[in-house]
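Undergrad: There's a structure below that I have some questions on.
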Amino acid sequence: MAVSSFSFSSPTLSRRLSPPLKPYCSTCSGPTIIASSKDAAAIDEDRSGNCKRRSLLIGVGASSLLPTKLLLAQEKPPNYDEFVDLEDGYSYFYPSDWREFDFRGHDSAFKDRYLQLQNVRLSFIPTNKTDIHDMGPIEKVVANLVRHVYSTPTQVPDVFDMQERTTDGKNYYTFEYSLTSPNFSRAAFATIAVGNGRYYTLIVGANERRWRRVRNQLKVVADSFKLLSEKIKIGRKRYVFCKIVFLHLGSLFSSWKIF
Numbered sequence: 001m002a003v004s005s006f007s008f009s010s011p012t013l014s015r016r017l018s019p020p021l022k023p024y025c026s027t028c029s030g031p032t033i034i035a036s037s038k039d040a041a042a043i044d045e046d047r048s049g050n051c052k053r054r055s056l057l058i059g060v061g062a063s064s065l066l067p068t069k070l071l072l073a074q075e076k077p078p079n080y081d082e083f084v085d086l087e088d089g090y091s092y093f094y095p096s097d098w099r100e101f102d103f104r105g106h107d108s109a110f111k112d113r114y115l116q117l118q119n120v121r122l123s124f125i126p127t128n129k130t131d132i133h134d135m136g137p138i139e140k141v142v143a144n145l146v147r148h149v150y151s152t153p154t155q156v157p158d159v160f161d162m163q164e165r166t167t168d169g170k171n172y173y174t175f176e177y178s179l180t181s182p183n184f185s186r187a188a189f190a191t192i193a194v195g196n197g198r199y200y201t202l203i204v205g206a207n208e209r210r211w212r213r214v215r216n217q218l219k220v221v222a223d224s225f226k227l228l229s230e231k232i233k234i235g236r237k238r239y240v241f242c243k244i245v246f247l248h249l250g251s252l253f254s255s256w257k258i259f
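At position 121 of the sequence shown (counting the first as 1) the number is 121 in UniProt numbering, and the numbers step up by one without a gap.
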């Protein structure tokens, strides 16, 4: 029998899910995956046996070619990696031990290597809206999504909390919800945003039985999602290009002999 009930766990919707994420140096965790670069794998390779001449030439050129801010490591917490899609204009963190996989209808997705239902995926559709606020107030938007888009007629949806945030001038809605069916329950965070002519949806979740154990870990993923402006995309592309050039120059210089 179809179940159509819909409930909020609290009569007063809190806009606070957790305190802001503290910045950490990216060197504490794995590499950044840059989706639009064919040589992305080369960026994170360690090069050994470099001669003094190579070090000198690269050191002199680096300061003039790379903007200071782009030379700084991307800030992310330990045990997380960053996925960056320069072409589609977004990025987010995911646990370092997760693996990329194909999820139908989604642009990118990562999952736990052992628990396939513990995953993050991102999708987007075209829109003429320019901001998530154009979709409506958070209460109305979230209620409609969870009840009519995310759930099936046999599932009972429940929204636990909601949050609005603004990062680099872009607005985001993040909410926690669960979908309960007769034989299975799943909990998740979703973050939605509008920009670059697209309506983005990031969902990260797990089996409800594991939710308490992994909730805080997955909250980091939901909070890390952000849209990339044209300026940031251009800057990152230049940064990637310069690093690739330096790697190739380094390979050339390392073969030179110093007398």
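Backbone N, C-alpha and C define an ideal beta-carbon position, used for all residues, glycine too.
Please read all numbers here as calculations on a predicted model, not as lab measurements.
Please report the straight-line C-alpha distance between R198 and N128, rounded to a whole angstrom.
TA: R198 and N128: Cα-Cα distance of roughly 8 Å.
Undergrad: Could you name each continuous alpha helix (DSSP H) segment of 4 residues or more that falls completely within the stretch 70-141, going from the start of the chain to the end?
TA: Runs of the alpha helix (DSSP H) inside the stretch 70-141: none found.
Undergrad: Would you say T130 lies against chain B (beta-carbon separation less than 8 Å)?
TA: Of the protein chains in this structure there is only one, and it is not chain B.
Undergrad: Assess contact between the stretch 127-141 and the stretch 180-196, defined as three or more Cβ pairs (one per stretch) separated by less than 8 Å. Is contact present?
TA: A contact exists between the stretch 127-141 and the stretch 180-196.
Undergrad: If you draw a straight line from the alpha carbon of Y150 to that of E75, how long is it in whole angstroms?
TA: Answer to the nearest angstrom: the Cα atoms are 32 Å apart.
Undergrad: Run through the DSSP bridge pairs and tell me what L179 is partnered with.
TA: Per DSSP, P157 and R186.
Undergrad: How big is the Cα-Cα spacing for F83 and V221?
TA: Near 11 Å, if we compare the C-alpha coordinates of V221 and F83.
Undergrad: What residue range is occupied by the uninterrupted alpha helix (DSSP H) comprising R213?
TA: W211 to S224 is the extent of the alpha helix (DSSP H) around R213.
Undergrad: Please state the DSSP three-state secondary structure of N144.
TA: Looking at N144 - three-state DSSP - the assignment turns out to be helix.
Undergrad: Measuring CB to CB, does Y92 end up less than 8 Å from F225?
TA: Yes, Cβ-Cβ distance for Y92 and F225 is below 8 Å.
Undergrad: In angstroms with no decimal places, state the Cα-to-Cα distance between T180 and L249.
TA: Roughly 56 Å between the two C-alpha positions.
Undergrad: With a 10 Å radius around its C-beta and 16 neighbouring C-beta atoms as the bar for buried, classify D88 as buried or exposed.
TA: Buried, because 16 or more other Cβ atoms sit within 10 Å of the Cβ of D88.
Undergrad: Please say whether E139 and S178 have beta carbons closer to each other than 8 Å?
TA: Cβ distance not < 8 Å, so S178 and E139 don't count as in contact.
Undergrad: Buried or exposed, going by whether 16 or more other CB atoms sit within 10 Å of the CB of R121?
TA: By the neighbour-count rule (16 or more Cβ atoms within 10 Å), R121 is buried.
Undergrad: Rounded to whole angstroms, how far is the Cβ of Y90 from the Cβ of Y80, which I believe are closer than 8 Å?
TA: Not confirmed; about 16 Å, so no contact.
Undergrad: Kindly indicate the opening and closing residues of the beta strand (DSSP E) around L228.
TA: Where L228 is concerned, there is no enclosing beta strand (DSSP E), given that its DSSP letter is neither H nor E.
Undergrad: The beta strand (DSSP E) with G205 in it runs from where to where?
TA: Here the beta strand (DSSP E) through G205 covers R198 to N207.
Undergrad: Tell me whether G49 sits in a helix, a strand or coil according to DSSP, three-state version.
TA: Per-residue confidence for G49 stands at a pLDDT of 44, beneath the threshold of 50, marking its modelled position as unreliable; no derived number is given.
Undergrad: Measure the alpha-carbon distance for S63 versus T174 and round it to whole angstroms.
TA: Legend: pLDDT at S63 = 38, less than 50; position of this residue unreliable, no value from coordinates given.
Undergrad: Could you name the residues of the same chain whose beta carbon sits closer than 6 Å to that of Y172, not counting the 5 residues immediately before and after it, in chain order?
TA: The answer, listed in chain order, is R165, T191 and A193.
Undergrad: By Cβ distance, which residues of its chain are closer than 8 Å to R113, with the 5 residues on each side in sequence left out?
TA: D97, W98 and R99.
Undergrad: So, is N183 buried or exposed, given that buried needs 16 or more other C-beta atoms within 10 angstroms?
TA: The residue is exposed, with fewer than 16 neighbouring Cβ atoms inside 10 Å.
Undergrad: Kindly indicate which residue of F101, L227 and R104 has the alpha-carbon position closest to the one of G169.
TA: Checked all of F101, L227 and R104; the closest Cα to G169 is L227.
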